[in-house]
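Structure first, then comments.
Number of protein chains: 2
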Amino acid sequence: MIQISAIHMQDVLYKLFLKYKFTSEKAKLLAETYTKNTLDGVNSHGINRVPLFIDYIKNGSVKIDAEAEKGETFGSIERWDGNFGPGIINARKCTNRAVELAKLYGMGMVALRNTNHWMRGGTYGWQAADAGCISILFTNTQANMPPWGGKDSRLGNNPFIVSIPRKEGHVVLDMAISQFAFGKINDYKIRGKKLPFPGGWDNNDVLSNDPEKITTTERGLPIGYWKGSALSMILDMLATLLASGNSTYKVGQGTYETGLSQIYLCIYPEIFNDQGIQERLLNEIIDYTHDVEPMVSGDKIYYPGERTLQTRAKNQKNGIPVSESVWENVLKLSE
Amino acid sequence: MIQISAIHMQDVLYKLFLKYKFTSEKAKLLAETYTKNTLDGVNSHGINRVPLFIDYIKNGSVKIDAEAEKGETFGSIERWDGNFGPGIINARKCTNRAVELAKLYGMGMVALRNTNHWMRGGTYGWQAADAGCISILFTNTQANMPPWGGKDSRLGNNPFIVSIPRKEGHVVLDMAISQFAFGKINDYKIRGKKLPFPGGWDNNDVLSNDPEKITTTERGLPIGYWKGSALSMILDMLATLLASGNSTYKVGQGTYETGLSQIYLCIYPEIFNDQGIQERLLNEIIDYTHDVEPMVSGDKIYYPGERTLQTRAKNQKNGIPVSESVWENVLKLSE
Chain A
991 MIQISAIHMQ DVLYKLFLKY KFTSEKAKLL AETYTKNTLD GVNSHGINRV PLFIDYIKNG
1051 SVKIDAEAEK GETFGSIERW DGNFGPGIIN ARKCTNRAVE LAKLYGMGMV ALRNTNHWMR
1111 GGTYGWQAAD AGCISILFTN TQANMPPWGG KDSRLGNNPF IVSIPRKEGH VVLDMAISQF
1171 AFGKINDYKI RGKKLPFPGG WDNNDVLSND PEKITTTERG LPIGYWKGSA LSMILDMLAT
1231 LLASGNSTYK VGQGTYETGL SQIYLCIYPE IFNDQGIQER LLNEIIDYTH DVEPMVSGDK
1291 IYYPGERTLQ TRAKNQKNGI PVSESVWENV LKLSE
Chain B
991 MIQISAIHMQ DVLYKLFLKY KFTSEKAKLL AETYTKNTLD GVNSHGINRV PLFIDYIKNG
1051 SVKIDAEAEK GETFGSIERW DGNFGPGIIN ARKCTNRAVE LAKLYGMGMV ALRNTNHWMR
1111 GGTYGWQAAD AGCISILFTN TQANMPPWGG KDSRLGNNPF IVSIPRKEGH VVLDMAISQF
1171 AFGKINDYKI RGKKLPFPGG WDNNDVLSND PEKITTTERG LPIGYWKGSA LSMILDMLAT
1231 LLASGNSTYK VGQGTYETGL SQIYLCIYPE IFNDQGIQER LLNEIIDYTH DVEPMVSGDK
1291 IYYPGERTLQ TRAKNQKNGI PVSESVWENV LKLSE
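Protein chains in written order, with the working numbering: chain A, 991 to 1325; chain B, 991 to 1325.
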């Protein structure tokens, strides 16, 4: 691993995206988002993912000039069409719009179809919270988990995000419905380690913690077994029918993972002029959790998003740890 | 087990609730809901729970005359105070109100504080779907799971419900954030069986599938380990701060589980006049899932809510299976 400063990474990426014909404004937004994702420790959906994003531009899945457009609307709910533009740019815009609607109506929803991978979903949870909004966001994906009891992967891991604004640091939950991301399973494989818990099925339809076996079958385990299976399915249903977009089934019919459906739901808690009561209630829950005796002496218990803030601060100070080969690859693309 | 017809059960319960001084209208609603829950196979939050509900009336946690009242409102979002009335009656009313708001605004939310156990959360998902609405509903509870890495139970299992209306049968997900309900763990204990997967921690802080050990510690496992831990915490935060109500922490300070906070969010999909497109998209996802080859030959793969419909039909035909001792107990209470 090498250390790269956030400013330098953003600068390199900005030039890279300019080279690939993005407008200056869009190149800036993309560079900023990929850098922030990496700064927060999510390299898998930050710098590591840039080469694949470029591939998706080259194969035509991501249309660099496309813009998300508003379709049918009804009060606080709007359908948007992403027109196969970059997932990050569409997601930024739809989060902004859901925030605007929430500030007008108390709640606001954007249901987006025909978009591309938004990289780290939590990014838009942080964005909404920075704008003072609670957010509930989710996306469908290509299939990578079998429905409970089934052999083939027919469910997406459908990342699900909830964020709550808080003065001392937002609360942000960013979780895929799979027990482990395939990127994470691959990390274990490379390091020759077993997963700490079962993460998918082997060739004999037995649950396994062997990353080698799971990456072979590409059948991941949903959180909570049958529960996550049902949750993943219903999130796909909600995104698909509210956006009138592609389901995981339809997404899987193409060669590339594109044309996704996503939900951006924001709530503006300041409609209740509570004079700090909400902040106090939030801290009451956090304090109660922090206060628990750890199972392993010295361990700490965290609220969702807390460790992200720690990683962000550390990487801002020391530079962002990046794989040397990934960074070389990105530099080569920029030449 | 004995078989009781739904009509007979409802009649017995109606008279029981009249005896405990509920108005005729409320006694009817309670009897109907407890019966429907049992008809759908959820005895644990149907007939089995009636004696405990009567205890809660006797100990003053449930106030039979109390009505939920509207508090602060902002457009499509309303705060209600349950005034410690029966959880079922408050939940029915708030679901109705969220449906009304959704039909006016596209989306509607009721955030309810100071209510009691709503029994089966799915009931209100079915109710919203019958009224043509998508629903996202959740409640906090007393603590019964440790936050990830902690020793004591400080998180509720916070049931989470999502429902989608569908002509051929609604899709209804009704899941607690715990891997197994304590009632279920107790069933395994009585039958002298192990859980099929770990369901909580033993006295040595080791994950266990031994129901005896888990019921001793009362430390249940969240779905997806650290993921469910974070999900449970953030659901408690949302319910608490939107309702300005009690958190799991506050609920745990009393002797009884009362004064809960709940969210009722409804969306009215007919705002998009899609002429059956949504139904088609829903069925596309269901068909894709049904179509998967099962791991165990002869097994079927279900969408959320599908088996409930099967159980309902079976029990309507053959009568509802009820534990003999539970039924005797209920009859004694009615005398």
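Backbone N, C-alpha and C define an ideal beta-carbon position, used for all residues, glycine too.
Asked: Take residue 1163 of chain A and list the residues in its own chain whose beta-carbon comes closer than 6 Å to its own, dropping the five residues that flank it on each side.; Found: 1152 and 1294
Asked: Look at residue 1018 of chain B and residue 1004 of chain B and say whether their C-beta atoms are less than 7 Å apart.; Found: yes
Asked: Apply the 10 Å Cβ neighbour rule to residue 1202 of chain A and answer buried if 16 or more other Cβ atoms are within range, or exposed otherwise.; Found: exposed
Asked: With a threshold of 8 Å, are at least 3 pairs of Cβ atoms found where one atom belongs to the region 1108-1120 of chain A and the other to the region 1274-1288 of chain A?; Found: no
Asked: Quick one: which chain A residues come within Cβ less than 9 Å of residue 956 of chain B?; Found: One cannot answer for residue 956 of chain B here, as it falls past the ends of chain B, which runs 991 to 1325.
Asked: Within 7 Å (strictly less), CB to CB, does residue 1127 of chain B reach chain A?; Found: no
Asked: I'd like to know whether the C-beta atoms of residue 1067 of chain A and residue 1096 of chain B end up nearer to each other than 7 Å.; Found: yes
Asked: Please indicate yes or no: does the CB of residue 1089 of chain B lie closer than 6 Å to some heavy atom of the ligand ADP?; Found: Absence of the ligand ADP is noted for the structure shown, with no ligands found whatsoever.
Asked: Which of the three DSSP states is assigned to residue 1245 of chain A in this structure?; Found: coil
Asked: State the start and end residues of the unbroken alpha helix (DSSP H) segment that holds residue 1264 of chain A.; Found: Segment: none, residue 1264 of chain A is in no alpha helix (DSSP H) and carries neither H nor E.
Asked: Contact between the region 1019-1037 of chain B and the region 1044-1055 of chain A: three or more CB pairs below 8 Å?; Found: no
Asked: Suppose you measure from the CA of residue 1172 of chain B to the CA of residue 1134 of chain A; what does that come to, to the nearest Å?; Found: 31 Å
Asked: Pair every Cβ in the region 1193-1208 of chain B with every Cβ in the region 1140-1150 of chain A, then say whether three or more of these pairs are closer than 8 Å.; Found: no
Asked: Can you have a look at residue 1082 of chain B and say buried or exposed, based on whether 16 or more other CB atoms are within 10 angstroms of its CB?; Found: buried
Asked: Count the C-beta pairs between the region 1053-1068 of chain A and the region 1199-1215 of chain A that are closer than 8 Å, then say yes if the count reaches three, no if not.; Found: no
Asked: Around the Cβ of residue 1247 of chain B, are there at least 16 other Cβ atoms within 10 angstroms (buried) or fewer (exposed)?; Found: buried
Asked: Quick one: grab the DSSP three-state call for residue 967 of chain B.; Found: For chain B, the structure presents residues 991 to 1325; residue 967 of chain B sits outside this window and is missing.
Asked: Just to confirm the assignment, what range does the alpha helix (DSSP H) spanning residue 1176 of chain B have?; Found: 1172-1180
Asked: Cα-Cα, which of A:1315, A:1191, A:1257 and A:1235 is closest to residue 1100 of chain B?; Found: A:1257
Asked: Is residue 1152 of chain B close to chain A? Criterion is C-beta to C-beta, closer than 7 Å.; Found: yes
Asked: Figure out for me which residue from B:1292, B:1288, B:1012 and B:1089 has the closest Cα to the Cα of residue 1127 of chain B.; Found: B:1089
Asked: Between the Cα of residue 1205 of chain A and those of A:1263, A:1188 and A:1287, spot the shortest distance and give me the residue it belongs to.; Found: A:1188
Asked: Of all the CB atoms in chain B, is at least one closer than 7 Å to the CB of residue 1144 of chain A?; Found: yes
Asked: Spell out the partners DSSP gives residue 1101 of chain A in its beta bridges.; Found: A:1069 and A:1253
Asked: Excluding the 5 residues preceding and the 5 following residue 1227 of chain A in the sequence, name in chain order all residues of the same chain whose CB lies nearer than 8 Å to its CB.; Found: 1237
Asked: So residue 1241 of chain B and residue 1130 of chain B are in contact, right, with Cβ under 8 Å, and what is the actual spacing, rounded?; Found: 7 Å
Asked: So residue 1061 of chain B is in the beta strand (DSSP E); what residue range does that whole segment cover?; Found: 1059-1064
Asked: Can you tell me the Cα-Cα spacing of residue 1132 of chain A and residue 1064 of chain A, whole angstroms?; Found: 29 Å
Asked: In whole angstroms, give me the CA-to-CA distance for residue 1052 of chain A and residue 1071 of chain A.; Found: 14 Å
Asked: Spell out the partners DSSP gives residue 1191 of chain A in its beta bridges.; Found: A:1197
Asked: Along the alpha helix (DSSP H) that carries residue 1129 of chain A, what are the first and last residues, could you check?; Found: Where residue 1129 of chain A is concerned, there is no enclosing alpha helix (DSSP H), although the beta strand (DSSP E) it sits in stretches over 1124-1129.
Asked: Listing by chain order, which chain A residues have their CB less than 9 Å from the CB of residue 1136 of chain B?; Found: 1282, 1285 and 1291
Asked: What are the residues of the region 1241-1259 of chain B that lie near chain A, defined by any Cβ-Cβ distance shorter than 9 Å?; Found: 1242, 1255, 1257, 1258 and 1259
Asked: Interface residues of chain B around residue 1118 of chain A at Cβ under 7 Å?; Found: Those do not exist, as residue 1118 of chain A stays about 13 Å from chain B at its closest Cβ, beyond 7 Å.
Asked: For residue 1163 of chain B, return the contacting residues in chain A, with the cut-off set at a CB-CB distance below 9 Å.; Found: 1217, 1220, 1221, 1223 and 1224
Asked: Mind checking who residue 994 of chain A pairs with in its DSSP beta bridge?; Found: A:1310
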